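Protein chains in written order, with the UniProt record's numbering: chain P, 1 to 115; chain Z, 1 to 776. Below is one structure, written out as structure tokens; the observations come after it.
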């Protein structure tokens with residue numbers, strides 16, 4: 001599965017970067033979302049993808065029986081997902097405010113600090 | 001000694017306090033420091049005279065081979081003596097020259113710091129230490145030239161001096177590094193013993209070029225000579241000390257110090273003798289065009305520095321002896337003459353020699369001192385300058401390569417210098433008295449003591465040059481002619497050097513008689529002069545500013561996508577290069593994929609691509625949602641139930657948020673041209689491809705043992721939890737989670753603030769005509 005994921009993640013990154021290079025600020029936000037998802041997947045997939053072995057300890061035991069998926073990248077990605085949501089909501093509201101004040105969606109027209 | 005030098009910096013820092021205690025007598029008190037140092041040096045004389053090389057060890061950074069070891073041989077001793085003796089005299093002199101000046105304490109701080117840096121420079125045995133002191137002299141010199149910081153010309157001159165010398169210093173640093181590599185030592189004492197090794201090393205030519213660049217800029221050699229006359233914007237004591245007797249000789253000192261290590265090759269001999277001879281002639285030629293007494297002296301200093309460089313280039317035993325005599329003679333007479341120039345300026349209020357006349361009646365002692373010092377400058381018997389000049393001519397006559405040219409340049413310099421000496425010594429003191437801005441009086445004793453002592457030394461060494469035999473012998477031994485038999489005499493009989501001296505005397509007097517006409521004639525060369533090296537410096541500075549402006553406009557252009565493109569292309573270039581050329585790409589894995597997994601991956605790709613190409617905002621958000629939910633499915637399929645739950649929740653919230661907010665935003669507009677889109681697509685594909693490659697190469701590499709094995713094993717026993725991911729989040733890495741909560745709280749506060757602000761602004765705007773709305 002990992003080689004397929006490698007290609008998928010490459011496409012996701014390419015899409016994210018393409019969107020971040022747009023002049024429209026709304027597309028920039030979409031690019032940001034794609035980028036955070038791509039990064040999360042990258043961390044998750046690089047650690048190795050295991051089918052049907054969640055990192056859980058069965059009731060009554062002190063350790064999982066047999067090998068399980070690596071729990072550490074999962075913990076990191078979990079944190080990252082939540083943070084990315086925080087960043088996104090902030091960015092979306094910021095863009096909205098900017099639009100209300102500047103009335104411009106074009107990043108090239110948002111080069112001054114004092115509008 | 002090291003303690004004395006380092007302590008000297010402390011004394012320098014205490015100057016304002018001392019000034020508080022001693023008032024106008026502070027310079028006298030501070031002069032005790034160099035005076036006692038010179039007394040200590042005198043105590044070392046017997047050892048130095050017997051040819052001993054004193055090494056005062058002092059470890060500084062042992063791990064890097066950097067020491068504060070001081071090396072005292074004849075050469076270092078001579079320079080240290082000049083620095084301390086003239087330093088003491090200059091301090092005494094400046095007390096009078098700057099009497100009542102409100103910035104006197106600042107002056108004392110900087111000049112004492114300079115004195116100590118200079119002393120450290122000539123005594124240092126370690127290349128790094130030498131370099132540190134070298135740069136310190138550049139910085140203190142900058143502060144001293146710019147002492148009158150309200151004067152634009154002074155600030156400009158200070159900056160120019162700094163740029164030229166520090167620029168050379170950079171080259172010198174590179175040169176030193178190569179020197180240390182080639183000679184396998186940072187110690188000068190060691191390096192001077194490894195001359196053969198160095199001269200045959202592959203790095204010899206580049207290191208020589210770098211070292212010479214450093215030395216030439218510091219010692220104002222052609223074509224870097226222009227900063228020195230401009231540095232005359234400094235107060236006269238500074239000019240007398242830094243820009244004639246000491247700092248500008250640092251470059252010459254370095255060349256002399258490295259002569260045993262690097263000297264003797266064709267490159268060394270030809271470069272030094274030609275550059276030196278050119279500098280000599282240029283300095284003398286430019287000198288006679290000026291009427292400002294300090295400029296006259298400054299250009300004649302350039303001439304003298306050229307002479308010293310040329311003599312080191314010639315490098316025969318006779319030339320080295322001439323070098324030492326000329327160095328000593330120049331420091332003595334030039335220090336005296338500068339102090340006389342300061343007296344003239346101080347008493348008459350002008351620096352223009354053509355505006356003075358007949359001053360010998362009111363200032364007889366000054367006139368006598370000036371006369372003696374100028375005789376030495378002119379190279380006339382019975383002064384030390386004469387001895388030096390005879391030896392110089394003798395060495396030039398012994399040159400093999402380029403002899404006629406060097407002789408011509410040296411002869412021109414000699415007779416023009418004679419004219420300069422006559423101008424300085426005769427013009428202000430003889431002839432008809434003239435009205436000057438201030439009514440002149442004889443200078444106070446403190447100002448006369450220094451020049452008088454230096455002039456007296458010039459005279460007595462000239463009358464009995466034999467006194468200098470041991471000193472010259474010991475110094476020459478340090479430059480690379482050990483065991484030289486030195487017998488100096490004033491009179492060598494009638495020989496070719498004497499005849500050359502006579503001829504230069506006649507021509508020089510002729511030039512003096514017709515000086516005014518000569519100057520008028522030379523003034524016609526002005527347009528040519530305006531294209532000299534200084535114009536090159538100005539052009540370089542202006543060019544630097546415009547290049548900086550251009551590249552700031554280019555790089556800091558305010559377009560976020562340009563920054564991104566540059567950053568990404570650099571990333572792709574560097575990482576891609578390393579990946580392809582430094583790393584063998586091997587891919588060996590079985591592609592074990594179930595059908596439903598491939599479908600999920602396909603959905604992700606389709607969602608991402610669709611989000612990019614959709615022209616409707618709703619469709620783009622829906623495509624993003626498809627991608628997000630497919631990611632959640634992937635998490636479900638590959639053993640990450642917690643991630644799947646989180647992703648589902650967040651994805652739902654995101655879609656709701658976007659739907660709510662995006663519809664208050666403008667429609668998608670097509671703002672870029674197809675070519676721009678193609679360029680962006682190329683950058684994006686390159687980066688995406690690089691990441692795929694990187695991930696594949698990571699996957700095919702060897703797996704290191706997991707660091708989470710400890711967590712897996714201890715989740716239940718230590719954390720009392722069955723879900724290992726949860727235990728990691730709230731237990732093993734609880735601080736991370738705490739930080740995450742802060743981030744979320746901050747983002748929430750930011751969002752809330754922006755929405756609140758919006759509401760208030762809306763209320764305020766309600767009275768005004770409704771703003772343009774876009775309800776897409």
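Positions of the beta carbon are idealized from the N, C-alpha and C atoms, including for glycine. Keep in mind it's a predicted model, so treat the numbers as computed, not measured.
Is residue i helix, strand or coil when you go by DSSP?
i: residue 288 of chain Z; result: coil
i: residue 126 of chain Z; result: strand
i: residue 106 of chain P; result: strand
i: residue 37 of chain P; result: helix
i: residue 56 of chain P; result: strand
i: residue 714 of chain Z; result: helix
i: residue 187 of chain Z; result: strand
i: residue 723 of chain Z; result: strand
i: residue 680 of chain Z; result: helix
i: residue 352 of chain Z; result: strand
i: residue 331 of chain Z; result: helix
i: residue 219 of chain Z; result: coil
i: residue 639 of chain Z; result: coil
Identify which residue in the options has its Cα closest to the Cα of residue i.
i: residue 736 of chain Z; options: P:80, P:44, P:96 and P:99; result: P:80
i: residue 69 of chain P; options: P:62, P:5, P:48 and P:25; result: P:48
i: residue 27 of chain Z; options: Z:101, Z:75 and Z:62; result: Z:101
i: residue 461 of chain Z; options: Z:574, Z:328 and Z:591; result: Z:328
i: residue 652 of chain Z; options: Z:641, Z:624, Z:119 and Z:60; result: Z:624
i: residue 92 of chain Z; options: Z:108, Z:81, Z:103 and Z:77; result: Z:108
i: residue 476 of chain Z; options: Z:211, Z:224, Z:245 and Z:311; result: Z:311
i: residue 614 of chain Z; options: Z:7, Z:670 and Z:117; result: Z:670
i: residue 62 of chain P; options: Z:308, Z:527, Z:755 and Z:715; result: Z:715
i: residue 49 of chain Z; options: Z:469, Z:687, Z:444 and Z:535; result: Z:469
i: residue 221 of chain Z; options: Z:467, Z:280 and Z:559; result: Z:280
i: residue 64 of chain Z; options: Z:86, Z:104, Z:41 and Z:128; result: Z:128
Counting C-beta neighbours from all protein chains within 10 Å, is the total for residue i 16 or more, i.e. buried, or is it exposed?
i: residue 303 of chain Z; result: buried
i: residue 427 of chain Z; result: buried
i: residue 752 of chain Z; result: exposed
i: residue 112 of chain Z; result: buried
i: residue 675 of chain Z; result: exposed
i: residue 74 of chain P; result: buried
i: residue 656 of chain Z; result: exposed
i: residue 583 of chain Z; result: exposed
i: residue 182 of chain Z; result: buried
i: residue 115 of chain P; result: A caution first: residue 115 of chain P carries a pLDDT of 45, below 50, which makes its placement in the model unreliable, though a value can still be read off. Counting Cβ neighbours within 10 Å, residue 115 of chain P comes out exposed, since fewer than 16 surround it.
i: residue 563 of chain Z; result: exposed
i: residue 617 of chain Z; result: buried
i: residue 458 of chain Z; result: buried
i: residue 51 of chain P; result: exposed
i: residue 333 of chain Z; result: buried
i: residue 581 of chain Z; result: exposed
i: residue 524 of chain Z; result: exposed
i: residue 772 of chain Z; result: Confidence at residue 772 of chain Z is low in this model, with a pLDDT of 49, below 50, so the placement of that residue should be treated as unreliable; the coordinate-derived value is given next. The residue in question, residue 772 of chain Z, is exposed, as its Cβ has fewer than 16 Cβ neighbours within 10 Å.
i: residue 257 of chain Z; result: buried
i: residue 741 of chain Z; result: exposed
Tell me whether residue i counts as near the ligand MN, meaning its Cβ is closer than 7 Å to at least one heavy atom of that ligand.
i: residue 740 of chain Z; result: Among the components modelled here there is no ligand, and therefore nothing to report on the ligand MN.
Taking three-plus beta-carbon pairs below 8 Å as touching, is the stretch 195-203 of chain Z in contact with the stretch 126-141 of chain Z? The stretch 195-203 of chain Z vs the stretch 126-141 of chain Z: no contact.
Those runs of the alpha helix (DSSP H) which lie wholly inside the stretch 15-98 of chain Z and span at least 4 residues: Whole alpha helix (DSSP H) segments, 4+ residues: 15-22, 26-49 and 74-97.
If contact is defined by three or more beta carbon pairs under 8 Å, each pair taking one atom from either stretch, is the stretch 317-334 of chain Z in contact with the stretch 464-484 of chain Z? Segments in contact, yes.
Cβ pair count under 8 Å reaching 3, the stretch 484-499 of chain Z against the stretch 383-393 of chain Z: Because the criterion of three Cβ pairs below 8 Å is met, the stretch 484-499 of chain Z and the stretch 383-393 of chain Z touch.
Ignoring anything shorter than 4 residues or poking outside the stretch 446-481 of chain Z, list the alpha helix (DSSP H) runs there in chain order. Segments of the alpha helix (DSSP H) lying fully in the stretch 446-481 of chain Z: 469-479.
Contact between the stretch 93-103 of chain P and the stretch 723-743 of chain Z (3+ Cβ pairs under 8 Å): With a cut-off of 8 Å, the stretch 723-743 of chain Z and the stretch 93-103 of chain P do not count as touching, because too few Cβ pairs lie within range.
Three-pair Cβ contact test at 8 Å for the stretch 65-81 of chain Z versus the stretch 120-130 of chain Z: A contact is defined here as three or more CB-CB pairs under 8 Å, and the stretch 65-81 of chain Z meets this definition with respect to the stretch 120-130 of chain Z.
Would you call the stretch 165-176 of chain Z and the stretch 211-220 of chain Z in contact, with 3 or more CB pairs under 8 Å? With the cut-off at 8 Å, the stretch 165-176 of chain Z and the stretch 211-220 of chain Z touch.
With contact counted as at least three CB pairs below 8 Å, one residue from each stretch, are the stretch 443-454 of chain Z and the stretch 293-300 of chain Z in contact? No: the two stretches stay apart, fewer than three of their Cβ pairs being nearer than 8 Å.
Below 8 Å, can you find three or more Cβ-Cβ pairs linking the stretch 269-281 of chain Z to the stretch 399-419 of chain Z? Counting C-beta pairs with one atom in each stretch, the stretch 269-281 of chain Z and the stretch 399-419 of chain Z have three or more that are closer than 8 Å, which means they touch.
Per the contact definition of three or more C-beta pairs closer than 8 Å, is the stretch 141-158 of chain Z in contact with the stretch 257-267 of chain Z? By the Cβ rule, the stretch 257-267 of chain Z does not count as touching the stretch 141-158 of chain Z, because fewer than three pairs are nearer than 8 Å.
Can you check the stretch 373-432 of chain Z for any alpha helix (DSSP H) of at least 4 residues that lies completely inside it and give the ranges in chain order? Taking 4 residues as the shortest admissible run, the stretch 373-432 of chain Z contains the following complete alpha helix (DSSP H) segments, listed from N- to C-terminal end: 384-397 and 403-426.
For the 8 Å Cβ check, are there 3 or more pairs between the stretch 79-90 of chain Z and the stretch 236-249 of chain Z? Result yes; three or more Cβ-Cβ pairs closer than 8 Å.
Taking 8 Å as the threshold, find out whether the stretch 13-23 of chain P comes into contact with the stretch 32-46 of chain P through three or more Cβ pairs. At 8 Å Cβ cutoff, the stretches touch.
Counting Cβ pairs closer than 8 Å, one from the stretch 684-698 of chain Z and one from the stretch 24-31 of chain P, do we hit at least three? Taking 8 Å as the limit for Cβ pairs, the verdict is that the stretch 24-31 of chain P does not touch the stretch 684-698 of chain Z.
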